[in-house]
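All remarks here apply to the structure that follows.
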Amino acid sequence: MNRFHRIKSIQQTGATLIISLIVLVLMTIIGLAAMRSSMMQERMASNTRDYELASQAAETALREAENWLISQVNEPIPGASRVWLLNDMHPNPNEARNWWEMPARGRAWWLANAVAYSGPALANINSQPRSIIEHQSFITDDLLIGTGSNTTGIDYYRITARGSGGSDQSRVLIQSTVSKRY
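The numbers in my numbering rise by one with no breaks, and the one at position 112 of the sequence shown is 552.
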């Protein structure tokens with residue numbers, strides 16, 4: 441009986457061990473791929489949340505600026521109120537890019553030149569959203585030719601708002617146009 445047992449053990453080549461190791465390596469690779477995919481999904485969800493916070497913050501500043509403009513009884517004077525003349529903050533009006541597309545218009549520029557949101561504090565954002573109101577144009581109602589001091593018409597304003605999410609890496613700029621008759 442010992443002789444048969446010895447013969448069988450000599451004929452075994454360890455195939456089970458090799459197959460087990462291969463299966464273990466495959467399971468490890470699948471596990472690492474699943475972990476990497478899960479981490480990527482978490483980052484994407486975090487970035488989406490950050491972007492949504494920035495969008496909501498910018499929308500909040502935009503609505504506040506629109507409400508402020510609509511509530512004005514008299515026409516705000518550009519430069520003397522929170523209203524700017526169209527492209528006033530553009531260093532080179534002949535340049536094709538708009539002022540808000542310029543790289544120099546970062547967080548520090550917005551802190552120095554725009555009006556901060558003054559409503560209730562917004563949670564989970566890096567900095568309070570800000571807005572800029574620009575007087576775009578005045579369209580007269582009169583069909584009279586010439587200049588008169590009492591012309592009636594509609595003033596058009598462009599409002600640009602900037603919001604950031606949980607970090608300043610997620611920024612959203614939104615714009616709207618508001619018309620107001622004074």
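Here a beta-carbon is modelled for each residue, glycine too, at the ideal position from N, C-alpha and C.
Beta-carbon proximity list for residue i, same chain, < 7 angstroms, skipping 5 on both sides
i	result
S604	A494, A497, I565, N566, S567, S610, R611
A501	Y557, P569, R570, S571, A601, G603
G593	F578, I579, T580, D581
Residue range of the beta strand (DSSP E) that includes residue i
i	result
V618	611–620
E574	570–580
L525	523–525
Cβ shell of residue i (< 8 angstroms), same chain only, five flanking positions each side left out
i	result
N553	M529, I572
G519	L525, D528
E492	G605
G559	T500, E504
First and last residue of the uninterrupted alpha helix (DSSP H) at residue i
i	result
A485	455–511
W540	Here W540 belongs to no alpha helix (DSSP H), and DSSP marks it neither H nor E.
Spatial neighbours of residue i in its chain, beta-carbon cut-off 6 angstroms, leaving aside the 5 residues before and after
i	result
E499	none
E515	Y622
DSSP beta-bridge partners of residue i
i	result
T600	I572, Q615
G606	Answer by DSSP bridge pairing: none, since G606 is not bridged.
G593	T580
Q. Can at least three beta-carbon pairs, one atom from the region 596–608 and one from the region 503–510, be found at a separation below 8 angstroms?
A. Counting Cβ pairs under 8 angstroms, three or more are found: they touch.
Q | At least three beta-carbon pairs within less than 8 angstroms, the region 533–544 to the region 454–473 | A | The region 533–544 makes no contact with the region 454–473, as fewer than three CB pairs between them are under 8 angstroms.
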